[in-house]
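Data first, discussion second: the structure below is written as structure tokens.
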Amino acid sequence: MRIIYLILIIVFAFFIVSFSQLNSQVIIIKYYYIKDIKVPLYMLSFAALLAGVIITGFYGVVERFRLHRTISRLNKTIRDLHKELRTNEPQPVVDKQTMS
């Protein structure tokens, strides 16, 4: 398993290096009156990828928190229903003749 993991890391690193070499052209980012920024194309691509990963990770954390809250609420409902069921359960009938 370690070998497969190592091979995947090497392939991924090769992809990053080759992508950087093939997309090293400088582009200028202009946004209204903010100073023009010169950035290599690969840096802009990686920044967009990183932003997507961060936004998706944040969404995952929010979704997990929401699911945890729902599970807690449903578990409380189950506990309350079990408690109600036990209180409304009829007492067992004991025949006094069979006891003697």
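Mapping of the sequence shown onto my numbering: position 37 corresponds to residue 20, and the numbering continues sequentially without gaps.
The C-beta atom is built at its ideal place from N, Cα and C for all residues, glycine as well.
Locate the beta strand (DSSP E) running through V44, then write down its first and last residues. Careful: V44 lies outside any beta strand (DSSP E), inside the alpha helix (DSSP H) at L24 to N71.
CB contact flag (V(-6), I10, <9 Å): no
Here's a check: name, in chain order, each residue in its chain whose Cβ is nearer than 7 Å to the Cβ of S3, leaving out the five neighbours to either side. Correct list, in chain order: Y25.
Euclidean distance between Cα positions of I61 and G43: 27 Å
Check this for me: beta carbons of I17 and L27, under 9 Å apart or not? no
Beta-bridge partners of I20, as assigned by DSSP: Looking at the DSSP assignment, I20 forms a beta bridge with I12.
V0 (DSSP reduced to helix, strand or coil): helix
Near V77, which residues of its chain fall below 6 Å by C-beta distance, leaving aside the five closest residues on each side in sequence? none
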